[in-house]
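Worksheet: the structure to be examined is printed underneath.
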Amino acid sequence: MKRKLFIVVALFCFAFPFLAAGQSADLSDEVQVRDSVVYVPAARLDSAYFGKNVFYILPSKANGNHADVRVFQSQLILNSMKTHIASNSSRSIDGYRIRIFFDNRQSSRTESENVEKRFAASYPGIPVYRSYVNPYFKVTVGDFRTRSEAMEFLLTIKNEFPASFIVKEGINYPVVDKTHAFETDTIKVSVPVRPID
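Structural data, given as structure tokens:
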């Protein structure tokens, strides 16, 4: 879904100036199609199991598996588990992030945008969050479960972002596999061919 949305946005951004100027959108002679690499964040959970009860998808010989796993439990345990899941469905998780920008000067808005773009280009797959809490612009990165994970990453970026520090706040669920935080994908992008003057 994200890939299709990115392609639609890229095509719109390319065709819009021509449409706005009243020119034809048929630019087959004036564009060149090139491959481009995009970074897609890794899934935060296995979507194959989303919304399924683990007790009903255990291996069984009847389904062609090598083992037969059965769980015997009372209805009280099943009801308790369903109640727990329902009551915690909107619960956030506390964790750590690294604040790489924090300022309130007049140029802070532009600087925070530049820092956000520079970080995203240098560390694809690591989430970056830009916010404004009067009077400060902030750029915070990462979703770390523990302070030691945050400290490990802070040491990695400290040379490039020397004013960085760790903050404790609510985080999004981090990816399970830290070593593969993103996937790369190749897409086709239309690039205007500029005539040589």
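Each residue of the sequence shown is one higher than the last, beginning at 13 in the working numbering. All C-beta atoms, glycine included, are put in the ideal place defined by N, C-alpha and C.
For the alpha helix (DSSP H) holding residue i, just list the boundary residues, first then last.
| i | result |
| --- | --- |
| residue 123 | 120 to 134 |
| residue 97 | 87 to 99 |
How big is the Cα-Cα spacing for residue i and residue j?
| i | j | result |
| --- | --- | --- |
| residue 123 | residue 157 | 28 Å |
| residue 98 | residue 91 | 11 Å |
| residue 133 | residue 175 | 19 Å |
| residue 167 | residue 160 | 11 Å |
| residue 130 | residue 148 | 19 Å |
May I ask you to report which of helix, strand or coil DSSP gives residue i?
| i | result |
| --- | --- |
| residue 72 | coil |
| residue 43 | strand |
| residue 202 | strand |
| residue 84 | coil |
According to DSSP, what are the bridge partners of residue i?
| i | result |
| --- | --- |
| residue 140 | 153 |
| residue 179 | 109 |
| residue 66 | DSSP output for residue 66 lists no bridge partner at all. |
Grab the span of the beta strand (DSSP E) containing residue i for me, first residue to last.
| i | result |
| --- | --- |
| residue 108 | 105 to 115 |
Requested in this report: Write down every uninterrupted run of the alpha helix (DSSP H) in the region 142 to 177 whose length is 4 residues or greater and which is fully enclosed by it, in chain order.
Outcome: Runs of alpha helix (DSSP H) with 4 or more residues, each lying fully within the region 142 to 177, are found at 159 to 169, listed in chain order.
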